[in-house]
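Chains as they are written, first to last, in this note's numbering: chain A, 255 to 587; chain B, 15 to 416.
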């Protein structure tokens with residue numbers, strides 16, 4: 255409350271990411287070094303996504319965030335609506351320095367991450383291998399965890415119904431495809447525990463509440479490392495996407511925010527992130543610098559990419575409101 | 015100065031003093047309670063998204079009779095303000111409002127606005143229709159016309175699963191979108207079940223507390239109040255730990271051999287009931303206790319000495335005297351229960367969320383404040399209605415809050 259009294263100008267540079275072990279790693283690799291090297295005071299916050307939250311911040315008139323890590327469709331929607339500042343690409347070293355999916359007028363890619371199935375190897379010796387197994391509650395008894403919302407959930411449902419990853423979005427573009435996904439979801443509905451924050455699925459898995467769950471790949475690795483778990487990752491059918499850094503419109507800390515983003519886009523810094531949280535990095539040179547021991551557990555490893563599905567941002571930009579409404583009705587019934 | 019005038023002056027001063035004493039609370043209530051409720055009611059019918067960004071289009075649409083396609087001046091005003099909105103990035107509000115009624119309107123609007131020419135190719139009607147077929151659909155323009163009115167029944171209707179169809183009459187929404195009536199019913203049902211449980215558990219407890227000597231009962235009262243003073247979040251979190259599959263309750267039940275497999279106690283309705291009853295129980299115990307404390311044990315003794323069985327004495331002498339406490343306790347627990355959000359969100363499953371969850375969802379996630387306000391208004395109205403019925407049955411003057 256005290257900071258609100260000082261007005262927007264007096265506010266410290268605030269960076270908002272996704273919390274948990276991921277943000278802990280970002281703090282070590284990016285935030286702390288940035289503070290000690292530039293002397294800029296940096297405040298952190300975390301969120302669970304949703305373009306609505308950004309609309310509220312910017313249109314509410316007292317945005318207390320500056321640099322925010324957003325998901326792909328939040329980047330597109332927010333940029334279209336003017337919620338973000340346009341980035342100064344010259345200061346970032348030009349667009350060619352990054353993988354193509356990481357380049358946008360309003361944002362630069364932070365990580366490539368995958369949402370996939372994970373289960374506890376200590377409890378399930380012969381675990382699930384696909385989304386069809388995830389749906390098979392006879393073979394693998396127990397509850398299932400998925401992120402609450404239509405995004406990912408509908409893709410997973412279609413893959414569980416035997417749809418090839420390459421056909422998923424083509425099918426979801428039709429009413430019949432959406433109906434088919436919801437019909438498949440009906441089968442698993444009584445066994446579901448829905449999660450909202452990225453740290454939750456691992457807690458659910460650790461407490462034995464669910465037998466398997468979707469989760470973000472690096473969170474699984476982090477849980478194994480910090481809590482001595484044996485959580486296994488199932489790469490086939492994982493959906494990968496790029497998260498980006500943006501600066502909220504009319505940020506009083508625009509310059510400092512650009513400095514921070516440039517700092518975080520430097521390949522020699524990015525290379526230190528995967529050993530802590532094995533997400534893929536976005537600066538082209540960075541991947542070559544990453545410790546080779548980490549490569550097999552990164553989404554950008556070619557074998558892992560080959561069995562995954564790239565999130566179709568365009569599809570979700572066009573359909574997120576409609577499908578969220580339908581999903582909420584479905585889940586509430 | 016005569017006596018009368020003096021008296022009047024003293025009277026006036028007294029009145030002023032009384033007003034001055036009440037004024038801070040009154041101002042507080044007006045600013046922080048009545049005004050927000052009023053604003054919420056206004057929000058639930060507010061329709062200013064399109065008129066504020068496209069004032070000319072809105073007035074042209076209002077002048078149109080609504081039959082078929084609108085005249086050229088509507089198209090022209092719309093095209094001009096669409097281009098302007100695209101330039102200063104104010105279109106998102108309009109897009110959001112229109113998407114509520116036609117799901118893909120966001121893409122239609124932005125695709126039409128992107129690179130819209132300054133001058134029409136033929137008429138604006140043809141130009142817009144060529145850029146996107148949606149603009150030659152009468153239904154699109156019927157929605158546009160509804161969005162141009164200063165107030166809308168859209169949100170309030172949607173909050174009770176109704177909508178206005180193409181012909182302008184109110185109809186039920188399709189089954190795969192109809193949820194809110196069920197959610198209101200569920201909300202009141204959960205609150206009612208919790209109230210009944212609180213009464214069943216709280217009545218004997220309050221009776222015991224009231225009949226013990228003050229020193230013992232004060233000590234026991236602390237056991238009621240201690241959790242009452244603990245944060246709801248902490249208590250709900252504690253229930254998650256206790257009730258989970260590998261939590262102490264399941265492990266104990268398995269250890270004593272009552273169950274073979276862990277039972278599902280959390281992330282479902284059972285968890286919601288357990289946690290809500292625990293949190294709301296003090297609101298039942300306190301009014302009951304205060305009423306029971308005032309009942310002289312002599313009445314029941316007199317009844318039994320006149321030949322009544324203990325049950326008759328309880329039913330005909332003791333129970334009627336506790337009605338004010340029962341009335342107040344039930345009303346408190348029910349109304350607090352109806353507004354619950356945190357507890358069902360943490361210990362309930364997807365099918366156990368109450369109206370407040372959706373108010374929060376629309377407020378925080380999609381920023382559809384109209385919908386959030388409409389759900390809030392319907393909840394307020396339904397609660398007031400239930401209160402009125404309840405007050406008729408129990409009698410407000412017979413309630414004692416403690």
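The C-beta atom is built at its ideal place from N, Cα and C for all residues, glycine as well.
These numbers were taken from a predicted model, which means no experiment stands behind them.
Item checked: Contact with chain A by residue 283(B), beta-carbon distance below 7 Å -> Mapped onto the second chain, residue 283(B) falls at position 269. Taking Cβ atoms only, chain A never reaches closer than 7 Å to residue 283(B), which makes this a no.
Notebook entry, point to check: Going by other Cβ atoms of all chains shown within 10 Å of its Cβ, with 16 needed for buried, is residue 276(A) buried or exposed?
Noted result: Translated into positions along the first chain, residue 276(A) becomes position 22. By the 10 Å Cβ count, residue 276(A) comes out buried.
Next item on the list: Would you mind telling me which residues of chain A sit closer than 7 Å to residue 258(B), beta carbon to beta carbon, in chain order?
Entry: Residue numbering aside, residue 258(B) sits at position 244 when the second chain is read from its first letter. Under the 7 Å cutoff, chain A gives 461, 463.
Item checked: Identity of the residues DSSP links to residue 323(A) by a beta bridge -> Residue mapping note: residue 323(A) aligns to position 69 of the first chain, counting from 1. 499(A), per the DSSP bridge assignment.
Notebook entry, point to check: Rounded to whole angstroms, how far is the Cβ of residue 327(A) from the Cβ of residue 536(A), which I believe are closer than 8 Å?
Noted result: Residue numbering aside, residue 327(A) sits at position 73 when the first chain is read from its first letter. Residue numbering aside, residue 536(A) sits at position 282 when the first chain is read from its first letter. That pair is no contact at about 17 Å.
Next item on the list: Assess, as a yes-or-no matter, whether the stretch 274–283 of chain B is touched by the stretch 237–248 of chain B under the definition of 3 or more beta carbon pairs within less than 8 Å.
Entry: no
Next item on the list: Starting from the beta carbon of residue 446(A), find every residue of chain B whose beta carbon is closer than 8 Å, and list them in chain order.
Entry: Residue 446(A) sits at position 192 when you count from the first residue of the first chain. Chain B residues near residue 446(A): 363, 364.
Checklist line | Segments assigned beta strand (DSSP E), at least 3 residues, entirely inside the stretch 373–437 of chain A | finding: 398–401
Check: How should residue 507(A) be labelled, buried or exposed, when 16 other C-beta atoms within 10 angstroms of its C-beta is the threshold for buried?
Finding: By one-based count along the first chain, residue 507(A) stands at place 253. Per the 10 Å Cβ criterion, buried.
Margin query: Tell me the DSSP secondary structure of residue 468(A) in three-state form.
Written below: Start at 1 with the first residue of the first chain, and residue 468(A) comes out as number 214. Note: residue 468(A) maps to strand in three-state DSSP.
Checklist line | residue 62(B) versus residue 165(B) - alpha carbon distance | finding: Locating residue 62(B) in the second chain gives position 48, where the first residue counts as 1. Locating residue 165(B) in the second chain gives position 151, where the first residue counts as 1. Straight-line Cα distance between these residues: approximately 7 Å.
Check: Just checking my contact of residue 375(A) with residue 484(A) at CB under 8 Å: how many whole Å lie between their CB atoms?
Finding: In the first chain, residue 375(A) corresponds to position 121, counting from 1. In the first chain, residue 484(A) corresponds to position 230, counting from 1. 4 Å between Cβ atoms; contact.
Margin query: Below 9 Å on C-beta distance, what does residue 197(B) contact in chain A?
Written below: Here residue 197(B) corresponds to residue number 183 of the second chain, with the count starting at 1. Within chain A, the residues near residue 197(B) are 586.
Margin query: Could you tell me the alpha carbon to alpha carbon distance between residue 60(B) and residue 311(A), rounded to whole angstroms?
Written below: Position 46 of the second chain, counted from the first residue, corresponds to residue 60(B). Position 57 of the first chain, counted from the first residue, corresponds to residue 311(A). If you take the alpha carbons of residue 60(B) and residue 311(A), they lie about 21 Å apart.
Next item on the list: Report all residues from its chain with a CB closer than 6 Å to the CB of residue 185(B); omit the five preceding and five following residues, and keep chain order.
Entry: Sequence index remark: in the second chain, residue 185(B) carries index 171 (1-based). Once the five neighbours on either side are set aside, the close Cβ partners of residue 185(B) are 179.
Check: Of all the residues that make up the stretch 372–386 of chain B, which are near chain A by a beta-carbon distance shorter than 9 Å?
Finding: 372, 375, 376, 377, 378, 379, 380, 381, 382
Margin query: Distance check for residue 292(A) and residue 543(A), CA to CA, integer angstroms please.
Written below: The residue you call residue 543(A) lines up with position 289 of the first chain. The residue you call residue 292(A) lines up with position 38 of the first chain. Computed Cα separation, rounded: 24 Å.
Note to self: Below 8 Å on C-beta distance, what does residue 298(A) contact in chain B?
What the structure shows: Here residue 298(A) refers to the residue found at position 44 of the first chain. Per Cβ cutoff of 8 Å: no residues; residue 298(A) is ~20 Å from chain B at best.
Check: If you draw a straight line from the alpha carbon of residue 200(B) to that of residue 366(B), how long is it in whole angstroms?
Finding: Start at 1 with the first residue of the second chain, and residue 200(B) comes out as number 186. Start at 1 with the first residue of the second chain, and residue 366(B) comes out as number 352. Whole-angstrom Cα-Cα distance: 8 Å.
Note to self: Going by the DSSP bridge assignment, what does residue 168(B) pair with across the sheet?
What the structure shows: Along the second chain, read from residue 1 onward, the residue named residue 168(B) stands at position 154. BP columns for residue 168(B) are empty, so no partner.
Check: Which value, in whole angstroms, describes the spacing of the CA atoms of residue 360(B) and residue 252(B)?
Finding: Along the second chain, read from residue 1 onward, the residue named residue 360(B) stands at position 346. Along the second chain, read from residue 1 onward, the residue named residue 252(B) stands at position 238. Distance between the alpha carbons of residue 360(B) and residue 252(B) is about 11 Å.
Item checked: Opening and closing residue of the alpha helix (DSSP H) in which residue 183(B) lies -> Within the second chain, residue 183(B) is the residue found at index 169, counting from 1. It is not in any alpha helix (DSSP H) - residue 183(B) carries neither H nor E in the DSSP assignment.
Checklist line | chain A contact residues for residue 113(B), given Cβ-Cβ distances below 7 Å | finding: One-based indexing of the second chain puts residue 113(B) at position 99. Ordered by position in chain A, the residues that pass the 7 Å Cβ test against residue 113(B) are 575.
Notebook entry, point to check: With 7 Å set as the bound, which would you pick, yes or no: does the beta-carbon of residue 258(A) sit closer than that to a beta-carbon of chain B?
Noted result: Taking the first chain and counting its residues from 1, one reaches residue 258(A) at position 4. Unreliable positioning characterises residue 258(A) in this predicted model, as indicated by a pLDDT of 41, which lies under 50. The coordinate reading is nonetheless provided below. False, the Cβ-Cβ gap to chain B never drops below 7 Å.
Checklist line | Contact list for residue 193(B) against chain A, beta-carbon separation under 8 Å | finding: Here residue 193(B) refers to the residue found at position 179 of the second chain. Simply 582, 583, 586, 587.
Notebook entry, point to check: If you draw a straight line from the alpha carbon of residue 379(B) to that of residue 304(A), how long is it in whole angstroms?
Noted result: The count along the second chain starts at 1 and reaches residue 379(B) at position 365. The count along the first chain starts at 1 and reaches residue 304(A) at position 50. Approximately 6 Å, taken between the alpha carbons.
Item checked: Beta-carbon contacts of residue 413(A) that lie in its chain and below 6 Å, excluding the five residues immediately before and after -> The residue you call residue 413(A) lines up with position 159 of the first chain. Cβ within range, chain order: 385, 491.
Next item on the list: Select from 520(A), 489(A), 348(A), 528(A) the residue whose C-alpha is nearest the C-alpha of residue 556(A).
Entry: The sequence position of residue 556(A) within the first chain is 302, counting from 1. Closest option to residue 556(A), Cα to Cα, is 489(A).
Check: Nearest-angstrom Cα distance between residue 331(B) and residue 229(B)?
Finding: Looking up residue 331(B) in the second chain gives position 317. Looking up residue 229(B) in the second chain gives position 215. Taking the straight line joining both Cα atoms gives about 27 Å.
Next item on the list: Check the Cβ-Cβ distances between residue 117(B) and every residue of chain E, and say whether any is below 7 Å.
Entry: This model lacks chain E altogether; the protein chains it does include are A and B.
Notebook entry, point to check: Mind checking residue 348(A): buried by the 16 CB within 10 Å criterion, or exposed?
Noted result: Locating residue 348(A) in the first chain gives position 94, counting from the first residue. Classification for residue 348(A): exposed.
Check: On the three-state DSSP scale, how would you describe residue 258(A)?
Finding: One-based indexing of the first chain puts residue 258(A) at position 4. Because residue 258(A) carries a pLDDT of 41, less than 50, the predicted location of this residue cannot be relied on, and no value is offered for it.
Margin query: Which residue marks the beginning of the alpha helix (DSSP H) containing residue 155(B), and which one marks its end?
Written below: On the second chain, residue 155(B) is found 141 positions in, with the first residue counted as 1. Residue 155(B) -> alpha helix (DSSP H) spans 152–162.
Note to self: Is there a C-beta anywhere in chain A that falls below 7 Å from the one on residue 190(B)?
What the structure shows: Taking the second chain and counting its residues from 1, one reaches residue 190(B) at position 176. Yes, its Cβ sits closer than 7 Å to a Cβ of chain A.
Item checked: Proximity to residue 388(B) [Cα-Cα], best of 324(B), 171(B), 110(B), 298(B) -> Within the second chain, residue 388(B) is the residue found at index 374, counting from 1. Closest by alpha carbon: 171(B).
Next item on the list: List the DSSP bridge partners of residue 297(A).
Entry: As a position in the first chain, residue 297(A) is number 43, starting the count at 1. Residue 297(A) is bridged to 268(A).
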